[in-house]
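Step one of this worksheet: look at the structure below.
2 protein chains.
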Amino acid sequence: MDFSKLDGLIPAVVQDDRSGEVLMVGFMNEEALTVTRTTGFATFFSRSRGKLWTKGETSGNRLQVRRILKDCDEDTVLLRVTRLGDGNVCHTGERSCFFREIENGQAKVAGGITQAAGEDK
Amino acid sequence: MDFSKLDGLIPAVVQDDRSGEVLMVGFMNEEALTVTRTTGFATFFSRSRGKLWTKGETSGNRLQVRRILKDCDEDTVLLRVTRLGDGNVCHTGERSCFFREIENGQAKVAGGITQAAGEDK
Numbered sequence: 001m002d003f004s005k006l007d008g009l010i011p012a013v014v015q016d017d018r019s020g021e022v023l024m025v026g027f028m029n030e031e032a033l034t035v036t037r038t039t040g041f042a043t044f045f046s047r048s049r050g051k052l053w054t055k056g057e058t059s060g061n062r063l064q065v066r067r068i069l070k071d072c073d074e075d076t077v078l079l080r081v082t083r084l085g086d087g088n089v090c091h092t093g094e095r096s097c098f099f100r101e102i103e104n105g106q107a108k109v110a111g112g113i114t115q116a117a118g119e120d121k
Numbered sequence: 122m123d124f125s126k127l128d129g130l131i132p133a134v135v136q137d138d139r140s141g142e143v144l145m146v147g148f149m150n151e152e153a154l155t156v157t158r159t160t161g162f163a164t165f166f167s168r169s170r171g172k173l174w175t176k177g178e179t180s181g182n183r184l185q186v187r188r189i190l191k192d193c194d195e196d197t198v199l200l201r202v203t204r205l206g207d208g209n210v211c212h213t214g215e216r217s218c219f220f221r222e223i224e225n226g227q228a229k230v231a232g233g234i235t236q237a238a239g240e241d242k
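These protein sequence lines are chains A and Y, in that order.
Quick note: the first sequence uses our numbering, first residue 1, plus one each step.
Quick note: the second sequence uses our numbering, first residue 122, plus one each step.
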């Protein structure tokens with residue numbers, strides 16, 4: 001993996017292996033990736049605290065890693081996980097950290113309407 | 122959104138709105154997010170070229186944005202998209218940039234076996 005683009009870090013996207021839901025995005029340094037691979041539990045590097053943290057180490061809501069996929073440039077990983085504990089990944093108590101929508105004019109207009117390519121003016 | 126953590130950039134995860142497949146991860150600065158919201162097509166900031174690029178501007182494989190979700194910390198976005206053109210998002214010709222697996226000892230051991238929490242030694 002190429003850790004050089006973000007000062008030693010790569011983004012790690014966490015996706016529920018069963019539902020396909022995107023749950024969170026964390027950052028990993030090389031050590032966090034190694035720990036994740038050897039323990040089987042998603043472990044990140046906390047930018048604010050400057051150290052490794054295993055997701056769920058206090059809450060019990062650990063993320064058991066089923067598969068790790070790397071992208072074409074080898075600068076991002078995708079973790080396919082099983083949620084343990086109560087299954088709520090976000091520290092707010094939501095299942096996913098992505099629970100709020102940004103207003104998006106084009107998408108609202110297009111919402112629910114199936115359009116062929118080229119019709120999306 | 123908080124663009125301060127990565128020198129003006131946030132990660133943008135792109136997910137197929139229909140299949141749930143994670144297709145790619147790009148980075149956005151504030152302008153890229155504004156262009157994405159106003160045009161409805163996923164637009165990123167290229168770290169290597171130092172400028173905006175709309176995905177598919179040359180290949181035609183644009184990404185029509187259906188929904189934009191922000192995470193709890195407001196430092197990452199998730200784009201739910203419809204793939205246009207031939208639908209292959211990766212520049213290698215693959216549908217998703219995440220087409221290679223990293224070997225993962227624990228996951229291989231656990232693969233296909235449903236385990237209760239705590240049994241995953």
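Where a beta carbon is used, it is the ideal one built from N, C-alpha and C, also for glycine.
These numbers were taken from a predicted model, which means no experiment stands behind them.
Listed by chain order, chain A residues near residue i by CB distance under 9 Å
i                      : result
residue 219 of chain Y : 13, 69, 70, 71, 72, 76, 77 and 78
Closest Cα partner of residue i within the set the options
i                      : options                       : result
residue 97 of chain A  : Y:134, Y:185, Y:154 and Y:179 : Y:134
residue 77 of chain A  : Y:159, Y:175 and Y:132        : Y:132
residue 210 of chain Y : Y:181, Y:195, Y:223 and Y:196 : Y:181
residue 148 of chain Y : Y:185, Y:127 and Y:212        : Y:127
residue 184 of chain Y : Y:194, Y:223 and Y:158        : Y:158
residue 175 of chain Y : Y:223, Y:196 and Y:152        : Y:152
residue 221 of chain Y : A:3, A:35, A:23 and A:79      : A:79
residue 4 of chain A   : A:35, A:23, A:22 and A:29     : A:29
residue 163 of chain A : A:22, A:23, A:33 and A:102    : There is simply no residue 163 of chain A to check, as chain A begins at 1 and stops at 121 in what is shown.
residue 129 of chain Y : Y:225, Y:196 and Y:212        : Y:196
residue 21 of chain A  : A:56, A:103 and A:95          : A:95
residue 25 of chain A  : Y:194, Y:167, Y:144 and Y:156 : Y:194
residue 224 of chain Y : A:46, A:103 and A:65          : A:65
With 16 other Cβ atoms within 10 Å as the buried cut-off, status of residue i
i                      : result
residue 139 of chain Y : exposed
residue 179 of chain Y : exposed
residue 116 of chain A : With a pLDDT of only 37 at residue 116 of chain A, under the threshold of 50, the placement of this residue in the model should not be trusted; the figure read from the coordinates follows. Label assigned to residue 116 of chain A: exposed.
residue 16 of chain A  : buried
residue 112 of chain A : In this prediction, residue 112 of chain A has a pLDDT of 42, which is less than 50 and means its spatial position is unreliable; what the coordinates show is noted afterwards. Answer is exposed; the Cβ neighbour count stays below 16.
residue 214 of chain Y : exposed
residue 118 of chain A : Bear in mind that the predicted position of residue 118 of chain A carries a pLDDT of just 37, short of 50, making it unreliable; the figure below should be weighed with that in mind. Classification of residue 118 of chain A: exposed, given that the 10 Å Cβ count is below 16.
residue 46 of chain A  : exposed
Residue i CB to nearest heavy atom of the ligand SAH below 8 Å
i                      : result
residue 167 of chain Y : Although the ligand SAH was asked about, the structure shown includes no ligands whatsoever.
Under 8 Å from the C-beta of residue i: neighbouring residues of chain A
i                      : result
residue 126 of chain Y : 47
residue 145 of chain Y : 71
Amino acids of chain Y, ordered along the chain, whose beta-carbon sits closer than 9 Å to that of residue i
i                     : result
residue 58 of chain A : Under the 9 Å cutoff, chain Y gives no residues; its nearest Cβ is about 16 Å from residue 58 of chain A.
Interface partners of residue i on chain Y, CB under 8 Å
i                     : result
residue 92 of chain A : 193
Under 7 Å by beta carbon: chain A residues contacting residue i
i                      : result
residue 141 of chain Y : 20
Worksheet item: Any contact of the region 81-92 of chain A with the region 166-180 of chain Y, i.e. 3+ C-beta pairs under 8 Å?
Response: Flag = no, the region 81-92 of chain A and the region 166-180 of chain Y do not touch.
Item to complete: Please confirm if the region 185-204 of chain Y is in contact with the region 32-47 of chain A, defined as three or more CB-CB distances below 8 Å between the two stretches.
Response: The region 185-204 of chain Y is not in contact with the region 32-47 of chain A.
Item to complete: Jot down the residue ranges of each uninterrupted beta strand (DSSP E) in the region 182-236 of chain Y, minimum 3 residues, whole runs only, in chain order.
Response: Restricting attention to beta strand (DSSP E) runs no shorter than 3 residues, the region 182-236 of chain Y encloses them at 184-191, 198-204 and 221-223, ordered along the chain.
Discussion item. Just to confirm the assignment: which complete beta strand (DSSP E) runs, minimum length 3, are found wholly within the region 136-161 of chain Y?
Written reply: The region 136-161 of chain Y contains these whole beta strand (DSSP E) runs: 143-149.
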